[in-house]
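Student: Structure provided below as structure tokens; questions to follow.
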Amino acid sequence: MCGIAGWTDNEQNLKDYQSVISDMSETLSRRGPDAEGVYFGENICLIHRRLIVIDPENGKQPMSYENGATRYIIVYNGELYNTPAIRSELESLGYSFKGHCDTEVLLLSFVHWGEKCLEKLNGIFAFAIWDEEKKSLFLARDRMGVKPLFFYQYKDGFIFASQIKTLLKNPHVRPEIDEDSLKEVFLLGPARTCGNGIIKGIRELCPGECAFYDRNGLKVKKYWTLKAQEHTDNLNQTIEKTRHLITNAITGQLVSDVPLCCFLSGGLDSSIITKLASDHYKATNKDALTTYSVDYKDNQKYFVKSVFQPNSDMEYIKTMVYATGSSHREVVLDNGDLADALTASTIARDLPGMADVDSSLLLFCEQIKRNYTVALSGECADEVFGGYPWYHNKSILFEETFPWSRSLSLRQNILKKGVLKNGEEYVHQKYSDTISRTSSLPNESRLSKRMRQMFMLNLEWFMQTLLERNVTKQNVCERQNIKLFFIYL
């Protein structure tokens, strides 16, 4: 977990704005409490705040590399799971490395392959690389949008950051909103239209996008998108490929130079992660894996079944603890404390979020930090494996709207009549835009085509909301300097 930011201006010497740059850096301190760095060049400033997990000495940023007369400087937030493979390939091409961190591997990948390096990356990332000779900035965000990257463009310059609050510390960015901003918050929130930063002029690099900025302006391009393909594997092949992909994703995140634990809710994603992590610990003769779960005071007394949660989590948690032999700890939260933590969790998110769902994460992680710095958590299994009711209930499946927000009446009643005009049309247009981007196969059935559309609705909206929630989780945790790896099944 790190924080990045940068500012380039075609006309001004940014060394004259030390106090602004210091303020921007300070907003990232919770994302990166262990180290900070700033790079100044002609008309460019790059900022990095670091939480140290791997290679403390050789992973310092901003990191630079000179290739002939050209100098490249990177600021990077993320993890590359195929670092060894890329390093090996670059070494065969004649490159050498000072350390074993993935930042150096990523920087040299760009030096050698340029933007095509994105085709080789397996991981979650947001990064920016400055080409000192060309006076150009390259930015990229991972395929699923796990790591955030916001930006603001003005007449003679460009600013980017991991957080909206960082951009707002720059005098070029004003905290203003318009009617569309309100529609996003009140009619679509906590989801947001891809690329929309809510604050006027603030945009977000979308998942699977990269961008170039120089004196000629900004060029954004899509380097990855989902495309429909026919499924040709039989059931056994499908099971084995799924097993391989999940196992590979989890074991790739078990590398850490500091203590590690797992979240365990009893759900599909956290249970799979806990089982594989526990097996890895046993195979490498480590002590029993520690797991954490969260509950709420009097939850068992007042628990009510719903279509989203037909059973209490506790019975599944106990089953997994017994099956894995983990050293389990339970954190019980009080509702009053959840309410008190709402403000802090909203500030961490920068935008209106998921209320007590966010504040509970803050309190939960504060308890975990007393013993652990790194925690593995799972997310989005329901989106990927079709766990939500709207995948199976055909009366909902074919409705021409977002299935988790089928009516706007409650949302519209919050505001005085007439404050937001054409709200229904705005939301439906966002829905229609997503459907139109969904890839499909020729002559496939109505049901099959609709299932692809439903998956894209979840991928671009519901899943992004959960990813942003996890960014909030990381931000609020960094009050206590805890790092979280999220594995998206």
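Heads up, the sequence shown is in numbering that gives the first Met the number 0, so the first residue is 0 and it goes up one at a time.
Cβ coordinates follow ideal geometry from the N, Cα and C atoms, glycine included.
What you are looking at is a predicted structure, and each value in this text was computed from that prediction instead of being measured.
Relative to the alpha-carbon of Val293, which residue among Leu225, Thr323 and Gln366 has its alpha-carbon at the smallest distance?
Tutor: Residue 293 sits at position 294 when you count from the first residue of the sequence shown. Per the Cα distances, Gln366.
Student: Put Asn195 into one of helix, strand or coil per three-state DSSP.
Tutor: Position 196 of the sequence shown holds residue 195. In the structure shown, Asn195 sits in a strand (DSSP, three-state: E or B).
Student: Whole angstroms is fine: what's the gap from Cys260's alpha carbon to Glu467's?
Tutor: In the sequence shown, residue 260 corresponds to position 261, counting from 1. In the sequence shown, residue 467 corresponds to position 468, counting from 1. Going by the C-alpha atoms only, they are around 22 Å apart.
Student: Can you tell me where the beta strand (DSSP E) with Leu46 in it begins and where it stops?
Tutor: What you label residue 46 is simply residue 47 of the sequence shown in a count that begins at 1. The sequence as given places Ile at residue 46; Leu does not occur at that position. Element bounds for Ile46: Ile43 to Arg49.
Student: What does DSSP give as the partner residues of Asp130 in its beta bridges?
Tutor: As a position in the sequence shown, residue 130 is number 131, starting the count at 1. According to DSSP, which records beta bridges pairwise, Asp130 is partnered with Tyr71 and Ser135.
Student: Take the Cβ of Leu414 as the centre, count every other Cβ of all protein chains shown within 10 Å, and call the residue buried at 16 or more, exposed below.
Tutor: Translated into positions along the sequence shown, residue 414 becomes position 415. Exposed.
Student: For the pair the stretch 66-82 and the stretch 95-113, tell me if three or more CB-CB distances fall below 8 Å.
Tutor: Cβ pair count under 8 Å is three or more, so yes.
Student: Can you tell me whether Ser394 is buried or exposed, with buried defined as 16 or more other CB within 10 angstroms of its CB?
Tutor: As a working mapping, residue 394 is identified with position 395 in the sequence shown. So Ser394 counts as exposed.
Student: Quick check: what's the CA-CA separation for Ser277 versus Leu138?
Tutor: Residue mapping note: residue 277 aligns to position 278 of the sequence shown, counting from 1. Residue mapping note: residue 138 aligns to position 139 of the sequence shown, counting from 1. So the alpha carbons of these two residues sit roughly 37 Å apart.
Student: Considering only DSSP beta bridges, list what Asp294 is partnered with.
Tutor: Working through the sequence shown from its first residue, we reach residue 294 at position 295. For Asp294, which the question treats as bridged, DSSP gives the partners Val331.
Student: Cβ of Arg410 within 7 Å of Cβ of Leu186?
Tutor: One-based indexing of the sequence shown puts residue 410 at position 411. One-based indexing of the sequence shown puts residue 186 at position 187. For Arg410 and Leu186, yes; Cβs fall inside 7 Å.
Student: Thinking C-beta only, is Phe157 closer than 7 Å to Tyr212?
Tutor: Indexing the sequence shown from 1 puts residue 212 at position 213. Indexing the sequence shown from 1 puts residue 157 at position 158. In contact: Tyr212 and Phe157 (Cβ atoms closer than 7 Å).
Student: Identify whether Trp112 lies in helix, strand or coil by the three-state DSSP scheme.
Tutor: As a first step, residue 112 is located in the sequence shown; it is residue number 113 there, counting from the start. It is helical.
Student: Using the Cβ count rule (16 or more neighbours within 10 Å means buried), how would you classify Gln252?
Tutor: Walking along the sequence shown from the start, residue 252 turns up at place 253. Counting Cβ neighbours within 10 Å, Gln252 comes out buried, since at least 16 surround it.
Student: Please name the residue, chosen from Arg142, His99 and Leu267, that lies closest to Glu118 on a Cα-to-Cα basis.
Tutor: On the sequence shown, position 119 is the one that residue 118 refers to. Closest option to Glu118, Cα to Cα, is Arg142.
Student: Look at the alpha carbon of Pro32 and the alpha carbon of Glu10, and state the distance between them as a whole number of angstroms.
Tutor: The count along the sequence shown starts at 1 and reaches residue 32 at position 33. The count along the sequence shown starts at 1 and reaches residue 10 at position 11. Those two C-alpha atoms are separated by around 32 Å.
Student: To which residues does DSSP link Ile413 through a beta bridge?
Tutor: By one-based count along the sequence shown, residue 413 stands at place 414. In the DSSP output, where bridge partners are listed per residue, Ile413 has none listed.
Student: Would you identify the three-state DSSP class for Arg202, choosing helix, strand or coil?
Tutor: The residue given as residue 202 occupies position 203 in the sequence shown. Residue state, collapsed to three classes: strand.
Student: Using a Cβ-Cβ cut-off of 6 Å (strictly less than) and excluding sequence neighbours within five positions of Ser270, which residues of its own chain qualify?
Tutor: Sequence index remark: in the sequence shown, residue 270 carries index 271 (1-based). Closer than 6 Å at Cβ, skipping near neighbours: Met319.
Student: Would you tell me roughly how many angstroms separate the C-alpha atoms of Arg173 and Val19, rounded to the nearest one?
Tutor: Locating residue 173 in the sequence shown gives position 174, where the first residue counts as 1. Locating residue 19 in the sequence shown gives position 20, where the first residue counts as 1. Their Cα atoms are separated by approximately 14 Å.
Student: Which residues in the same chain as Ala190 place their Cβ atom closer than 6 Å to its Cβ, once the five residues preceding and following it in sequence are excluded?
Tutor: Locating residue 190 in the sequence shown gives position 191, counting from the first residue. These residues qualify, in order along the chain: Trp460 and Thr464.
Student: Roughly how far, in whole angstroms, is the beta-carbon of Trp389 from the beta-carbon of Leu396, given that I think they are within contact range, below 8 Å?
Tutor: Reading the sequence shown from its first residue, position 390 is the one you call residue 389. Reading the sequence shown from its first residue, position 397 is the one you call residue 396. Yes, they are in contact, since the Cβ atoms of Trp389 and Leu396 sit about 6 Å apart, within 8 Å.
Student: Output the distance between the C-alpha atoms of Asn392 and Phe454, rounded to the nearest integer angstrom.
Tutor: Taking the sequence shown and counting its residues from 1, the one referred to as residue 392 is at position 393. Taking the sequence shown and counting its residues from 1, the one referred to as residue 454 is at position 455. When rounded, the distance between both Cα atoms is 14 Å.
Student: Identify, in the order they occur along the chain, each residue of the same chain with its Cβ nearer than 6 Å to the Cβ of Val426, setting aside the five sequence neighbours on each side.
Tutor: By one-based count along the sequence shown, residue 426 stands at place 427. Leu186, listed in sequence order.
Student: Does the beta-carbon distance from Met62 to Leu105 come in below 7 Å?
Tutor: Your numbering for residue 62 matches position 63 in the sequence shown. Your numbering for residue 105 matches position 106 in the sequence shown. Not closer than 7 Å, so no.
Student: Could you tell me the alpha carbon to alpha carbon distance between Ile346 and Trp223, rounded to whole angstroms?
Tutor: Within the sequence shown, residue 346 is the residue found at index 347, counting from 1. Within the sequence shown, residue 223 is the residue found at index 224, counting from 1. Near 32 Å, if we compare the C-alpha coordinates of Trp223 and Ile346.
Student: Looking at C-beta atoms only, is the number of pairs between the stretch 283-290 and the stretch 323-331 that lie closer than 8 Å three or more?
Tutor: Contact holds: three or more Cβ-Cβ distances are below 8 Å.
Student: Please confirm whether Lys199 and Met23 have their CB atoms less than 7 Å apart.
Tutor: Working through the sequence shown from its first residue, we reach residue 199 at position 200. Working through the sequence shown from its first residue, we reach residue 23 at position 24. For Lys199 and Met23, no; Cβs fall outside 7 Å.
Student: Using only the alpha-carbon positions, how far apart do Asn442 and Leu275 sit?
Tutor: Here residue 442 refers to the residue found at position 443 when the sequence shown is read from its first residue. Here residue 275 refers to the residue found at position 276 when the sequence shown is read from its first residue. Going by the C-alpha atoms only, they are around 40 Å apart.
Student: When you compare only the Cα positions, how much space is there between Glu423 and Asp177?
Tutor: As a working mapping, residue 423 is identified with position 424 in the sequence shown. As a working mapping, residue 177 is identified with position 178 in the sequence shown. Roughly 17 Å between the two C-alpha positions.
Student: Give me the residue from Met462, Gly216 and Gly417 with the minimum Cα distance to Tyr387.
Tutor: Here the question's residue 387 lines up with position 388 in the sequence shown. Selected option, being the one with the closest Cα: Met462.
Student: With a floor of 4 residues, list each alpha helix (DSSP H) that falls wholly inside the stretch 197-251, ordered by position along the chain.
Tutor: You should have 234-250.
Student: Are the stretch 240-254 and the stretch 342-360 touching by the rule of at least three beta carbon pairs closer than 8 Å?
Tutor: No, because fewer than three Cβ pairs between the stretch 240-254 and the stretch 342-360 fall closer than 8 Å, the two stretches do not touch.
Student: Do Thr165 and Thr26 have their CB atoms nearer than 7 Å?
Tutor: Looking up residue 165 in the sequence shown gives position 166. Looking up residue 26 in the sequence shown gives position 27. Closer than 7 Å, so yes.
Student: Mind checking Ile486: buried by the 16 CB within 10 Å criterion, or exposed?
Tutor: Within the sequence shown, numbered from 1, the residue matching residue 486 stands at position 487. Because the pLDDT at Ile486 is just 42, under 50, the model does not fix this residue reliably, and the value given afterwards should be weighed accordingly. Burial call: buried.
Student: Should Val373 go down as buried or exposed, given a rule of 16 or more other Cβ atoms within 10 Å for buried?
Tutor: Locating residue 373 in the sequence shown gives position 374, where the first residue counts as 1. Label assigned to Val373: buried.
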